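Following full-length UniProt numbering from start to finish, the sequence shown increments by one per residue and tops out at 336.
Backbone N, C-alpha and C fix where the C-beta goes; we use that ideal spot for every residue, glycine too.
Keep in mind that this is a model prediction, so the values were computed, not measured.
The structure appears right after this line, and notes come after that.
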Amino acid sequence: MVFSSSSLWGWSKPTSRDPADCFQPELTYHLRMMADLSSIGKWENEIKTEVRRALDIADTAYRIMRDNANDAKVERTAKCLLGQNDFQNKFDKVKGGFSREPSAHSGPQDAQWLMERSNVDVEIYCDGSRISKSKTAKGRIIGRDPAQGNRVYSEEEVKDYKICDDSNIPKSLRIRAFTVSSDLIDEKARKEAIRRGETITLNSYTTETAYANTMQICRKSIEFAVNDDWPIIDQRRIKKMMKKRKIAELKEKGTTPIDEITTLATTILHELTHTNQAGKSFDVKTENSKVAYGWKRCGSVGNPENADTIAFLALALKVWSLGNFYVKDDGEIASR
Ligand SMILES: [Zn+2]
Numbered sequence: 001m002v003f004s005s006s007s008l009w010g011w012s013k014p015t016s017r018d019p020a021d022c023f024q025p026e027l028t029y030h031l032r033m034m035a036d037l038s039s040i041g042k043w044e045n046e047i048k049t050e051v052r053r054a055l056d057i058a059d060t061a062y063r064i065m066r067d068n069a070n071d072a073k074v075e076r077t078a079k080c081l082l083g084q085n086d087f088q089n090k091f092d093k094v095k096g097g098f099s100r101e102p103s104a105h106s107g108p109q110d111a112q113w114l115m116e117r118s119n120v121d122v123e124i125y126c127d128g129s130r131i132s133k134s135k136t137a138k139g140r141i142i143g144r145d146p147a148q149g150n151r152v153y154s155e156e157e158v159k160d161y162k163i164c165d166d167s168n169i170p171k172s173l174r175i176r177a178f179t180v181s182s183d184l185i186d187e188k189a190r191k192e193a194i195r196r197g198e199t200i201t202l203n204s205y206t207t208e209t210a211y212a213n214t215m216q217i218c219r220k221s222i223e224f225a226v227n228d229d230w231p232i233i234d235q236r237r238i239k240k241m242m243k244k245r246k247i248a249e250l251k252e253k254g255t256t257p258i259d260e261i262t263t264l265a266t267t268i269l270h271e272l273t274h275t276n277q278a279g280k281s282f283d284v285k286t287e288n289s290k291v292a293y294g295w296k297r298c299g300s301v302g303n304p305e306n307a308d309t310i311a312f313l314a315l316a317l318k319v320w321s322l323g324n325f326y327v328k329d330d331g332e333i334a335s336r
């Protein structure tokens, strides 16, 4: 088993009521690679770099939202994703989520990490081998996660870990990554609340635990990054997507240039927005009950609590920050 050292990062809570809480110390991430996936384990440093890139994209977004909020192109891109309605509130909410301050902390090794970790940290896993499986009296398979005090997962949830580890899974079933908040959900209370007609969110009737959030990066996502030689969001990557032939080709495939420049770092940023410390975003559904992933669906929901909306706004602002570009409403990238 290979353990990395961890670094400490601050990440604000956008839902915080007291502005002073906005710079809550430390979102620590701890990357754990398992020896039985040695082909993935060798990419440890690259994946750590992708996490830093994700945080860097968030930093860039925060800086632009703070300093360039009145720029016409910035406003247009943000409005396209968040909608015109109640724009300023939504904009401020997302901006709060991106603010963070690094904290000076020497990297603790495993034993120390276990003592120090809290529910505002995140552990990043590249496989699900830690999940132990057993059968209930009724013959259902359940999983237990030692990373969260042997938290019990249902058969369906255990399946997600299996799908995540399987690089031969068909495209339609693929998961890029997922994050489990360490909060415990009171399913019974939720069901009763729904029966009473209460409007509830994914965060209703949950209680905090002391464990870290866990992020699972799926095998296929790592393979894509490897095959693409760990791409970064730079001028070269953007210019490739601005060619007329490329745009037409993407249109035919039903995707857009901004969707196609995403990297593992932007996937990690999406996942980080799900963590307790970064505001527990949701994967919101569109009117047609599809998960609001991708530029167009994000634009259709206009919800600052949707994980991919936050990640795409950060990505679009990263594109803007490179000097000559901006993202148009249709997801194409143009010169400015
Ligand atoms: Zn998500």
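{"Asked": "If contacts are defined as beta-carbon pairs under 8 Å, then V158 and K133 qualify, I think. What distance do you get, rounded to the angstrom?", "Found": "6 Å"}
{"Asked": "Could you spell out the range, first to last residue, of the alpha helix (DSSP H) harbouring F312?", "Found": "A307 to S321"}
{"Asked": "My output table needs one value for L250: the three-state DSSP class, helix, strand or coil.", "Found": "helix"}
{"Asked": "Would you mind working out which of T207, D56, K42 and N45 sits nearest T266, comparing C-alpha positions?", "Found": "D56"}
{"Asked": "If distances are taken between C-alpha atoms only, which option among K318, M242, K285 and F178 comes closest to I268?", "Found": "F178"}
{"Asked": "Just to check, is the beta-carbon of A307 closer than 7 Å to a non-hydrogen atom of ligand 1?", "Found": "yes"}
{"Asked": "For F224, report the span of its alpha helix (DSSP H) as first-last.", "Found": "R219 to N227"}
{"Asked": "Cβ-heavy atom distance between D160 and ligand 1 below 7 Å?", "Found": "no"}
{"Asked": "Please tell me whether S167 and R117 are closer than 8 Å, where the distance is taken between their beta carbons.", "Found": "no"}
{"Asked": "According to DSSP, simplified to helix, strand and coil, what is Q235?", "Found": "helix"}
{"Asked": "When you compare the CB positions of D329 and C80, do they come within less than 8 Å of one another, or not?", "Found": "yes"}
{"Asked": "From this set, R195, V152 and N89, which residue's C-alpha is nearest D183's C-alpha?", "Found": "V152"}
{"Asked": "On a Cα-Cα basis, can you pick out the residue from I142, Y161, N45 and Y326 that is closest to M215?", "Found": "Y161"}
{"Asked": "Could you say which of K191, D59, L264 and T77 lies nearest to N227 if we only look at CA atoms?", "Found": "L264"}
{"Asked": "Would you mind stating whether N70 and N213 have Cβ atoms separated by less than 8 Å?", "Found": "no"}
{"Asked": "According to DSSP, is G299 helix, strand or coil?", "Found": "helix"}
{"Asked": "Check this for me: beta carbons of F325 and I258, under 8 Å apart or not?", "Found": "no"}
{"Asked": "Could you please give the first and the last residue of the uninterrupted beta strand (DSSP E) stretch that includes T179?", "Found": "A177 to V180"}
{"Asked": "Buried or exposed for A189, please, with buried defined as at least 16 other CB atoms from any protein chain shown within 10 angstroms of its CB.", "Found": "exposed"}
{"Asked": "Could you check if Q235 is buried or exposed, using at least 16 other CB atoms within 10 Å of its CB as the buried criterion?", "Found": "exposed"}
{"Asked": "Of all the options G197, R176 and Y205, which has the alpha carbon lying nearest to the alpha carbon of E187?", "Found": "Y205"}
{"Asked": "Would you call the CB atoms of L250 and E260 closer than 8 Å?", "Found": "yes"}
{"Asked": "Determine the DSSP secondary structure at L272, reduced to helix, strand or coil.", "Found": "helix"}
{"Asked": "Just grab the DSSP bridge partners of M215 for me.", "Found": "I124 and T179"}
{"Asked": "Using only the heavy atoms of ligand 1, determine whether one of them is closer than 7 Å to the beta carbon of D283.", "Found": "yes"}
{"Asked": "At which residues does the beta strand (DSSP E) containing K243 begin and terminate?", "Found": "Looking at the DSSP string, K243 is not in any beta strand (DSSP E), and its letter there is neither H nor E."}
{"Asked": "So the alpha helix (DSSP H) A334 belongs to, where does it begin and stop?", "Found": "Segment I333 to S335 is the beta strand (DSSP E) holding A334; no alpha helix (DSSP H) there."}
{"Asked": "Below 8 Å between beta carbons: does that hold for V74 and W295?", "Found": "no"}
{"Asked": "Helix, strand or coil for S172? Go by DSSP, reduced to three states.", "Found": "helix"}
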